[in-house]
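4 protein chains.
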Amino acid sequence: MSKNAKEAKAPHTARLILTGHIIDSMILPSVMDLVMDLGGNFNVEELIVGKHKTDPSFCRLEVNAESAAQLDRIVRRARELGAKVEAEHPVRLEAVKKAGVFPEGFYSTSNLPTEVLLGSRWVAVEKQEMDTAIAVDEREARAWCVAFGQAYPGLKVVVGHAGVRVLPLERSRQTEIFSFMASEISAEKPKKLLISRIAEEMRQIRSEAGRILVVAGPAVVHTGAGVYLSRLIELGYVQVLFAGNALAVHDVEAALFGTALGINLESGLPIEHGHEHHMRAINRVRQAGSLAEMVRSGHLKSGVMKTAVEHGVEIVLAGSIRDDGPLPEVITDVVEAQDRMRSAVPGVRMAIMLATMLHSIATGNLLPATVRTVCVDMNPAVVTKLADRGSWQSVGLVTDVESFLRELATVLEVQPS
Amino acid sequence: MSKNAKEAKAPHTARLILTGHIIDSMILPSVMDLVMDLGGNFNVEELIVGKHKTDPSFCRLEVNAESAAQLDRIVRRARELGAKVEAEHPVRLEAVKKAGVFPEGFYSTSNLPTEVLLGSRWVAVEKQEMDTAIAVDEREARAWCVAFGQAYPGLKVVVGHAGVRVLPLERSRQTEIFSFMASEISAEKPKKLLISRIAEEMRQIRSEAGRILVVAGPAVVHTGAGVYLSRLIELGYVQVLFAGNALAVHDVEAALFGTALGINLESGLPIEHGHEHHMRAINRVRQAGSLAEMVRSGHLKSGVMKTAVEHGVEIVLAGSIRDDGPLPEVITDVVEAQDRMRSAVPGVRMAIMLATMLHSIATGNLLPATVRTVCVDMNPAVVTKLADRGSWQSVGLVTDVESFLRELATVLEVQPS
Amino acid sequence: MSKNAKEAKAPHTARLILTGHIIDSMILPSVMDLVMDLGGNFNVEELIVGKHKTDPSFCRLEVNAESAAQLDRIVRRARELGAKVEAEHPVRLEAVKKAGVFPEGFYSTSNLPTEVLLGSRWVAVEKQEMDTAIAVDEREARAWCVAFGQAYPGLKVVVGHAGVRVLPLERSRQTEIFSFMASEISAEKPKKLLISRIAEEMRQIRSEAGRILVVAGPAVVHTGAGVYLSRLIELGYVQVLFAGNALAVHDVEAALFGTALGINLESGLPIEHGHEHHMRAINRVRQAGSLAEMVRSGHLKSGVMKTAVEHGVEIVLAGSIRDDGPLPEVITDVVEAQDRMRSAVPGVRMAIMLATMLHSIATGNLLPATVRTVCVDMNPAVVTKLADRGSWQSVGLVTDVESFLRELATVLEVQPS
Amino acid sequence: MSKNAKEAKAPHTARLILTGHIIDSMILPSVMDLVMDLGGNFNVEELIVGKHKTDPSFCRLEVNAESAAQLDRIVRRARELGAKVEAEHPVRLEAVKKAGVFPEGFYSTSNLPTEVLLGSRWVAVEKQEMDTAIAVDEREARAWCVAFGQAYPGLKVVVGHAGVRVLPLERSRQTEIFSFMASEISAEKPKKLLISRIAEEMRQIRSEAGRILVVAGPAVVHTGAGVYLSRLIELGYVQVLFAGNALAVHDVEAALFGTALGINLESGLPIEHGHEHHMRAINRVRQAGSLAEMVRSGHLKSGVMKTAVEHGVEIVLAGSIRDDGPLPEVITDVVEAQDRMRSAVPGVRMAIMLATMLHSIATGNLLPATVRTVCVDMNPAVVTKLADRGSWQSVGLVTDVESFLRELATVLEVQPS
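Residue numbers (my numbering), protein chains in the order written: chain A, 2 to 418; chain B, 2 to 418; chain C, 2 to 418; chain D, 2 to 418.
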């Protein structure tokens, strides 16, 4: 089993421990590969491959390098792949000196589950999010992600890579609902079964009181798919709704005038002076004071927003510089909007992103990798970009958002056998 | 009404006659504009605007130019816009000398209805087609379009622009079915009503024994929409089918193995060794000798091709260099395939182009502008290219071909009120 | 010239006056067409067509309708096309009652030059912008566009369509620089000459002290085109720069680390741990306090932002919910960002939009139709959307932003003959 | 090292031998994974990992299964991944009975290097090509790929999977020129270095007398990039040219009239009656008899075709149903065209595919996986489709074909240091 028994041991040695589904998740060979790439050698000291599908495997690798620097480099990279090192150093902390600024050399997070070594104990990082720093409260033995805006003087933040380990997402062997949907589903493939699998997963999540997040662009209203999204809300499959001003404006426009951006939603034809309708819709909501007030007073009688308000969906309308108006509920400060979206994420187990690149990417930035995402768009490039979250958790469909929502609502309407 | 009464008349004068819906079709101002652009002057000698929507208008314009050449140029351009000139010269003819080669200076056709002046009589050009020459039989007083391959020594062909006039398509004021669908329908618009209008038009055409042509790409099968196209055929809404080897191969593959390019059409998942299925499907048809024979012998039990064969649809399968096999019915010579497509066109009043750029463009090249075309594709660029036929006859939908065919079949299934 | 001399005059009559290049701008026939479409009749009482290219034409149309309502409708629509009515009613004004809310029935603006009739005098509307209301100060005889956020109690706002006229953009017969570039330039066309024409126009604008606005997305940096944009700034061809956080972040990342989103800008290859670079770049700027301070202190030595700061370009960095950080200069409130963009627009005569849909659409919303726009993007759908501003003022190029900027900088570098 | 020492041996056992770069090419873990997926067990009997980068590794796996069928299945799949089995069965052959039809159950090829076991000897399959059968001459101990059209009665063809092994492409550790260009290069990345690497590879290939194939669409001419392709030919970097009628027609049109599809190549503007130019160009070539004759007689003085003819490039112009004309050299029968393309492939080591989906896919079907391919297109979907050849041999660039060719010609023009 020795890579090369005759060669003299390189003087610098560490032992890497790999556990889990390290064969079929390609973790073991990835580690072997990187050791070689970085100029080291290895011996497989122990390799126990799980007999049953559900059994984890175990491997202990002795790694040899020519220098401490080389060994360090190997170990740091291997740790990113999920390897543990037999003797670890705890994290190094440094205090924030200026509000909104991290210490130089701060550890920059990924969206994967992460742990930090505090003293001799590995602690899971809370509120996992990409592109943040890790704050630590040593006394409470807690660690959590912080965005720039949340950094205040005195807050202890992790610096460097020591004592940080990232847990790779393991592909579950049981639930194949998502795993087969590797990456993107092109326009040229049948989608019925896939949508029924997504529906199944939604039922499962709801049966376990998990939350489902919908991120929706105005095309949901333009294509006449608002009724299907409303139905999903009524059936209890939407707990959180992220959108922008445009979705809400055109939804109200549809409720008040039967148009979206001046296009009649029945006929698809432009209405005379219809282009003004969205401006009049905005004005009415501003007059009423809020969407919620319009619903309460009975002036908003239909649409996605009305249904969402009535069913207690947690709504975050985030502003953008394209907005007309905007509506009173729209959060015009983008940092505040991010914070509001962030605080709605806990408990979310699936995110369904519908025909909006801006809001979908913003949402993707905030979601831990463990949240399953479904991305629907007509543009293959958008789907590819959104579905590319490096995991088995994500599926993209290149299709009409109206087709998708109609099929999904139809399947969810029927009680499962 | 004089453009400028005081100026001396330019010595070169012609009188243009414009009739029809020349105001709302923008023909009159286009002609006025070009006269000015080319340096001429004009007087509106007579302008009678039709009172009712259906009344044609009439205008006689006196055009003055500085030179015969300038006048010629104006007249030639105006004629292309549909203007007639009070005194016209008959067409000039020249005989083909070498097979497959037109005389230098041959008149190159558009797809618009065209007439040629033979002696003193305007004769409509038959088999109108873009990018061809016009052959003339003076004794029979007939004229028709000829492609390069149809030119044989001795055939008389029109040379130059004299005596040729193009009749612009007039937007019908009555039938608004197509006219409102100006150009392309984006993914972001509701499509239900549009599809029901297309269905209405199909019913109308069939009630008048007009023929409907479907041009279909393999995505029809890949997306699981084959059943809907089959249903259209069964309902009598498809008289002609243009496709390539791939549609037929994957349709047979679906019938024999339940897959298309190895993807299970139920689940959307790849089948083990499924990639070979299309090769095995091809082999089986080649073994049987033809698709028709497989249908006859009961070995091909379902699918678009089986339905088309049984319902006597005129099928043209045209080959391309991407083809595997190909199937026996595929015409491998592209010039022969064009001729076969050409001979299937007469009587066709609507062409529905489904998710195939190559075959749709080839078909578009052969169709007169009077044939209504419906282009369906997921790629906006393809729809824009195909729907851009410079007339009110063409509509493009950016959508899933499966969604489109499902909706269309559903609407046509129901008897009209 | 009577449309139908024999018919009894309809009792409701108005006289429309059309002046300018009403033939070749299609205004006359458009008005004729709409009169017929709306069920009215017309007599051309006078038509004087300009003799020379530069001469305006004049037309007086008598319009007859069956009812006052029908006549009103015709006149209102005709006025939108630029027609004047011989006897006009002044605008109707109503005061704002609630801050941020317009009176019901407010006139909603387009981006075309607009005039309002105050007393007996037509007054040009200032700060023309799409989707706003028109505020009026009667004593000062001034009118200007106001967005929702600018409405305060007591402000007088135009209600209804009476006394408002929109001046259509006339295609200049002289300057053909933009006019030939009708709409979009596809990827399949040669672009050299077009870019040299744009350069020519830029020189012309600068020679008249006009301002040029560049709207730039991060792809400018990713593709390595930042150097060319910097060169344009140095040569004095950029007075205003609109961008988002991402452009500035990746520009600083490139200056500090030689990467953009972790991709080495020389090699196009990912750098180890390079993904963190943009986070480190953000942190450094936040530490410094601002981009301007980093430039002043010599810590930012190259890049678009450094060049723009040093050359006194008016910079507006507008935030979005996708942003990491953001940088100190980024305006996180989108309504404030719009106001800042708005106040930078006066004097701008050309806007060059480079590979950013969000910022380009936001900018397009704020620009009067008289500003020439150049839109560059790899995605034909984006170009089509942005270049579709209904005028001869807009041109779109489907191409690499790097190719475009390199060529443009090369042409502008050379002194014109 | 035993997977589970205590469990009773499954009665069906085989020994798999894996050699080569099986760790970093992921072959070993892929095999381990599939054994488990198919319900078997394995023991790693021997694993020798190469010490140096260039050393191959060796692994012997004992595989146990519950049944012969299960073992068979495992072995067959493992063989596809490159595993050898200690005791192999020779291929099974069956004779073709009907011309153009393979025996049912024929082995359907991939584009990867393949070997067949004839008697006790592994023989490399010649003319490797995807979607063909393997013909065998036992006496000569030769095997080669045959397309449907090449099957004649009596020809021996491989049936089933026994005795066939596919050699996976190993990523070379030395040449990194292509390996870093994993898959597609998006529009948002710098391309200069990549193009210089491609140029380097072209020089290397030519220095070893390898052939370079260019597949070109008409956009090469439309964008004005014909001069750069001509330059590549003059510099000796193009030995084979695959194209369609359109490239040649528009190239001749450009040479004769300075236009492509009627667009002036200098200005990008349409020429009056320019649409006819391509028809006139076709007519002139048909009159001359051939492109070669036009070059010889001096009537074709410039352009890609002229340069290619003069430099003895092997040209295959393949017809399609979109073609006008076509030109005399165009092969109108698509099966004959495939055969001509096929016979030009031997010796080709790089294929550069420029802005043509039809011809590029057709070419990709014919190329062995060992040929390096460079795909250039503005449409990311096309690049993704073409570059997805499952190997490290393929690179796609989303960019202007004109930018690409200009840069490539510039780099190749300069002598390498």
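Heads up, the beta-carbon is just placed ideally off N, CA and C, and yes, glycines get one too.
From the DSSP output, read off the bridge partner residues of residue i.
i	result
A/Phe-243	A/Val-216, A/Val-317
D/Val-63	Reading off the sequence, residue 63 of chain D comes out as Glu, not Val. Its beta-bridge partners are D/Arg-16, D/Asn-44.
D/Gly-269	DSSP lists no partner for D/Gly-269.
A/Phe-107	A/Val-160
A/Ser-395	A/Thr-374
C/Glu-116	C/Ala-125, C/Arg-166
A/Ile-135	A/Cys-146
A/Gly-21	A/Ser-58
A/Gly-261	It should be pointed out that residue 261 of chain A corresponds to Ala in this sequence rather than to Gly. Its beta-bridge partners are A/Ile-264.
A/Lys-85	A/Ile-18
C/Glu-95	C/Val-158
Please state whether the Cβ-Cβ distance between residue i and residue j is less than 7 Å.
i	j	result
D/Val-1	D/Ala-15	No answer is possible for residue 1 of chain D: the residues shown for chain D start at 2 and end at 418.
C/Met-280	A/Asp-324	no
A/Arg-350	A/Gly-237	no
D/Ser-321	D/Gly-245	yes
B/Trp-145	B/Lys-157	no
B/Gly-106	B/Ile-28	no
C/Ala-356	C/Val-296	no
A/Gly-164	A/Val-216	no
Within a Cβ cutoff of 6 Å, which residues of the same chain sit near residue i, ignoring the five residues on either side of it in sequence?
i	result
D/Val-222	His-251, Asp-252, Ala-255, Ala-261
A/Val-102	none
B/Ala-226	Val-402, Glu-403, Leu-406
For residue i, return the contacting residues in chain D, with the cut-off set at a CB-CB distance below 8 Å.
i	result
A/Leu-29	Pro-30
Can you name the residues of chain C whose CB is closer than 7 Å to the CB of residue i?
i	result
B/Ala-382	Pro-381
Along chain C, in chain order, which residues have C-beta atoms closer than 9 Å to that of residue i?
i	result
A/Gly-218	The premise fails here: A/Gly-218 is roughly 13 Å from chain C at the closest Cβ pair, so nothing lies under 9 Å.
D/Glu-267	Pro-191, Lys-193, Leu-194
Using a Cβ-Cβ cutoff of less than 8 Å, which residues in the same chain neighbour residue i once the five nearest sequence positions on both sides are dropped?
i	result
A/Pro-154	Ala-96, Val-97, Lys-98, Lys-99, Ala-100
Residues in its own chain within less than 7 Å of residue i by CB, not counting five upstream and five downstream?
i	result
B/Ala-309	Ile-234, Leu-242, Ile-316
D/Ala-345	Val-241, Glu-315, Val-317
Give the interface partners of residue i over in chain A, defined as CB-CB distance under 9 Å, in chain order.
i	result
B/Gly-225	Lys-190, Pro-191, Lys-192, Lys-193
Could you work out which residues of chain B lie near residue i, taking near to mean beta carbons separated by less than 9 Å?
i	result
D/Ile-206	Correct list: empty, because the minimum Cβ distance to chain B is about 25 Å.
Would you mind telling me which residues of chain C sit closer than 8 Å to residue i, beta carbon to beta carbon, in chain order?
i	result
D/Ile-264	Lys-190, Pro-191
Name the chain A residues that come within less than 7 Å of residue i, Cβ to Cβ?
i	result
C/Val-102	Asn-284, Arg-287, Gln-288
So with CB distances below 8 Å, who are the chain B contacts of residue i?
i	result
A/Val-399	Met-379
Can you name the residues of chain A whose CB is closer than 8 Å to the CB of residue i?
i	result
C/Leu-359	Ser-321, Ile-322, Arg-323, Leu-359
In chain order, what are the residue ranges of uninterrupted alpha helix (DSSP H) at least 4 long that sit wholly in the stretch 291 to 373 of chain C? 292 to 297, 305 to 311, 335 to 345, 358 to 367, all fully within the stretch 291 to 373 of chain C.
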